[in-house]
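Asker: Let me give you the structure first, and then I'll get to my questions.
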Amino acid sequence: MQDNLLNQIENILNNIKNTFSQPYNAKSIIIIKKYFSELKTLVHKNISSFNKKLMASDKFNNLTTLSRQYYERLYMFDESETTLKLIRKRSIDKFISNNVTLADKEIEHLESLQFVPTSKICFIGSGPYPWSAIEYSYRLNVLVTCIDYRPEAIVLSKHLIDHFQLNDKVDVIQSDAMEIDYSPFSHVIIAAMVHPKKEILHKIYKSINKNVKIMIRSGIGPYRLFYEHVDVNILNEFGVFNKLRGNKYCELESYIITKQ
1386 MQDNLLNQIE NILNNIKNTF SQPYNAKSII IIKKYFSELK TLVHKNISSF NKKLMASDKF
1446 NNLTTLSRQY YERLYMFDES ETTLKLIRKR SIDKFISNNV TLADKEIEHL ESLQFVPTSK
1506 ICFIGSGPYP WSAIEYSYRL NVLVTCIDYR PEAIVLSKHL IDHFQLNDKV DVIQSDAMEI
1566 DYSPFSHVII AAMVHPKKEI LHKIYKSINK NVKIMIRSGI GPYRLFYEHV DVNILNEFGV
1626 FNKLRGNKYC ELESYIITKQ
């Protein structure tokens, strides 16, 4: 049963690989989206089959590496397309999500804390469509600095922020996460697709001040096929942490570490 499941995943990823090898156009993107939809449906229907033994297997881990590479490419294209569509809109209200997302849970947690005018959030891996970062700024009324190493993500996200006139609340910096000084920030958020998380987490922890909170997003169970999973054993090195999750369909969870 488990071998069959892994073979099905492998077949879908081979189809995605073959489609990516063809000329890049709107039709090929639609096909790739269809294959990833099939993969997510397969995971959802067989969620109970993804036990620890299966997810510890070499084949599954090799498939997750491949799958995340393809998913990040699709995600980048999809977010870029979404940003271009949103730039045509006039109101930011349509930009803010009405769903109970992981960002909602994170914001609820942060709202219980006492923010001051000097509070600053750093969002690592904001991408070309920095919806989470904008929601943080919009709903918490704090300054958010977005970090992304990809020039295309920086250009599009800056264009979106300019369009909604959020320059005084949201800043965008092109940089490798390992090269940032995190000491000015009161909160640091690591996006789901950011990697390598362990090394970045160590870098952040060394440079932040006492009581600063780090939120690190992680793929849940088999959803590590799409988002890097965070090993809880790694988090234990940093002391006490909490866990947040969005609605029951959410593919991500967020761990919150407070520097002691």
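Quick note: the sequence shown, position 106, residue 1491 per the numbering used here, numbers continuous.
Virtual Cβ for every residue (Gly too), placed ideally from N, Cα, C.
Where does Thr-1530 fall in DSSP's three states?
Answerer: Taking the first residue of the sequence shown as position 1, residue 1530 is located at position 145. Residue state, collapsed to three classes: strand.
Asker: Please report how far the alpha carbon of Ile-1401 lies from the alpha carbon of Glu-1613, in whole angstroms.
Answerer: In the sequence shown, counting from the first residue as 1, residue 1401 sits at position 16. In the sequence shown, counting from the first residue as 1, residue 1613 sits at position 228. Roughly 19 Å between the two C-alpha positions.
Asker: What separation, rounded to the nearest whole angstrom, lies between the Cα atoms of Lys-1595 and Thr-1643?
Answerer: If you number the sequence shown from 1, residue 1595 lands on position 210. If you number the sequence shown from 1, residue 1643 lands on position 258. Distance between the alpha carbons of Lys-1595 and Thr-1643 is about 8 Å.
Asker: For the segment 1565–1585 against the segment 1426–1440, are there 3 or more C-beta pairs whose distance is under 8 Å?
Answerer: Segment contact: the segment 1565–1585 against the segment 1426–1440, fewer than three CB-CB distances shorter than 8 Å; contact not assigned.
Asker: Quick check: what's the CA-CA separation for Leu-1541 versus Asp-1547?
Answerer: Taking the first residue of the sequence shown as 1, we reach residue 1541 at position 156. Taking the first residue of the sequence shown as 1, we reach residue 1547 at position 162. Cα to Cα, Leu-1541 sits roughly 10 Å from Asp-1547.
Asker: Chain C beta carbons: is any one of them nearer than 8 Å to that of Ile-1558?
Answerer: In the structure shown, chain C does not exist; there is a single protein chain.
Asker: In or out: Tyr-1409 buried (at least 16 other Cβ within 10 Å) or exposed?
Answerer: Within the sequence shown, the letter at position 24 stands for residue 1409. It counts as exposed.
Asker: Rounded to the nearest angstrom, how far is the Cβ of Cys-1531 from that of Phe-1549, given a contact under 8 Å?
Answerer: Within the sequence shown, residue 1531 is the residue found at index 146, counting from 1. Within the sequence shown, residue 1549 is the residue found at index 164, counting from 1. Contact flag wrong, Cβ pair sits at about 14 Å.
Asker: Alpha carbon to alpha carbon, what distance is there between Gln-1407 and Ile-1432?
Answerer: By 1-based counting over the sequence shown, the position of residue 1432 is 47. By 1-based counting over the sequence shown, the position of residue 1407 is 22. Going from the Cα of Ile-1432 to the Cα of Gln-1407 covers about 32 Å.
Asker: For Val-1442, report the span of its beta strand (DSSP E) as first-last.
Answerer: The residue labelled residue 1442 in the question sits at position 57 within the sequence shown. Per the sequence shown, residue 1442 should be read as Ser rather than Val. Segment: none, Ser-1442 is in no beta strand (DSSP E) and carries neither H nor E.
Asker: Are the beta-carbon atoms of Val-1573 and Val-1555 separated by less than 8 Å?
Answerer: Here residue 1573 refers to the residue found at position 188 of the sequence shown. Here residue 1555 refers to the residue found at position 170 of the sequence shown. No, these two residues do not count as a Cβ contact at 8 Å.
Asker: Counting pairs of Cβ atoms below 8 Å between the segment 1625–1644 and the segment 1452–1465, do you hit three or more?
Answerer: no
Asker: Please report the straight-line C-alpha distance between His-1650 and Ile-1397, rounded to a whole angstrom.
Answerer: Since the first residue shown for the chain is 1386 and the last is 1645, residue 1650 is missing from the structure and cannot be characterised.
Asker: For Lys-1437, which three-state DSSP category applies?
Answerer: Here residue 1437 is taken as the residue at index 52 of the sequence shown, counted from 1. Helix, per DSSP.
Asker: So Phe-1623 packs on Val-1597, CB below 8 Å; how close in whole Å?
Answerer: Residue numbering aside, residue 1623 sits at position 238 when the sequence shown is read from its first letter. Residue numbering aside, residue 1597 sits at position 212 when the sequence shown is read from its first letter. Wrong, their Cβ atoms sit about 12 Å apart, outside the cutoff.
Asker: In angstroms with no decimal places, state the Cα-to-Cα distance between Lys-1419 and Lys-1412.
Answerer: In the sequence shown, counting from the first residue as 1, residue 1419 sits at position 34. In the sequence shown, counting from the first residue as 1, residue 1412 sits at position 27. In a straight line, the C-alpha of Lys-1419 is about 11 Å away from that of Lys-1412.
Asker: I'd like to check one pair, Ile-1593 with Ser-1568: are the Cβ atoms closer than 8 Å?
Answerer: Residue numbering aside, residue 1568 sits at position 183 when the sequence shown is read from its first letter. Residue numbering aside, residue 1593 sits at position 208 when the sequence shown is read from its first letter. A contact, by the Cβ cut-off of 8 Å.
Asker: Give the single residue among Tyr-1521, Ile-1414 and Tyr-1514 whose Cα lies nearest to the Cα of Ile-1539.
Answerer: For the purposes of this step, residue 1539 is taken as residue 154 along the sequence shown, with counting starting at 1. The shortest C-alpha separation from Ile-1539 is found at Tyr-1514.
Asker: Assign Thr-1449 to buried or exposed, taking buried as 16 or more other Cβ atoms, counted over all protein chains shown, within 10 Å of its Cβ.
Answerer: Here residue 1449 refers to the residue found at position 64 of the sequence shown. Under this definition Thr-1449 is a buried residue.
Asker: Threshold first: 3 residues or longer. Then list the beta strand (DSSP E) segments lying entirely within the segment 1542–1578, N to C.
Answerer: The DSSP assignment places complete beta strand (DSSP E) segments of no fewer than 3 residues inside the segment 1542–1578 at 1555–1559 and 1572–1575, in order along the chain.
Asker: For Ile-1417 and Glu-1395, I'd like the C-alpha separation in whole angstroms.
Answerer: Numbered from 1 along the sequence shown, position 32 holds the residue referred to as residue 1417. Numbered from 1 along the sequence shown, position 10 holds the residue referred to as residue 1395. If I take the Cα positions, the gap works out to 14 Å.
Asker: Quick one: is Ala-1518 buried, meaning 16 or more other Cβ sit within 10 Å of its Cβ, or exposed?
Answerer: Looking up residue 1518 in the sequence shown gives position 133. The residue in question, Ala-1518, is buried, as its Cβ has 16 or more Cβ neighbours within 10 Å.
Asker: Going by DSSP, name the residue or residues bridged to Ser-1639.
Answerer: Within the sequence shown, the letter at position 254 stands for residue 1639. For Ser-1639, the pairing in a beta bridge is given by DSSP as Arg-1602 and Leu-1629.
Asker: How long is the line joining the alpha carbons of Thr-1503 and Glu-1423, rounded to whole angstroms?
Answerer: As a working note, residue 1503 is residue 118 in the sequence shown. As a working note, residue 1423 is residue 38 in the sequence shown. So the two alpha carbons sit approximately 46 Å from each other.
Asker: At which residue ranges does the segment 1387–1422 contain complete alpha helix (DSSP H) runs of 4 or more residues, listed in the order of the chain?
Answerer: Secondary structure within the segment 1387–1422: the alpha helix (DSSP H) runs of 4 or more consecutive residues, fully enclosed, are 1387–1405 (chain order).
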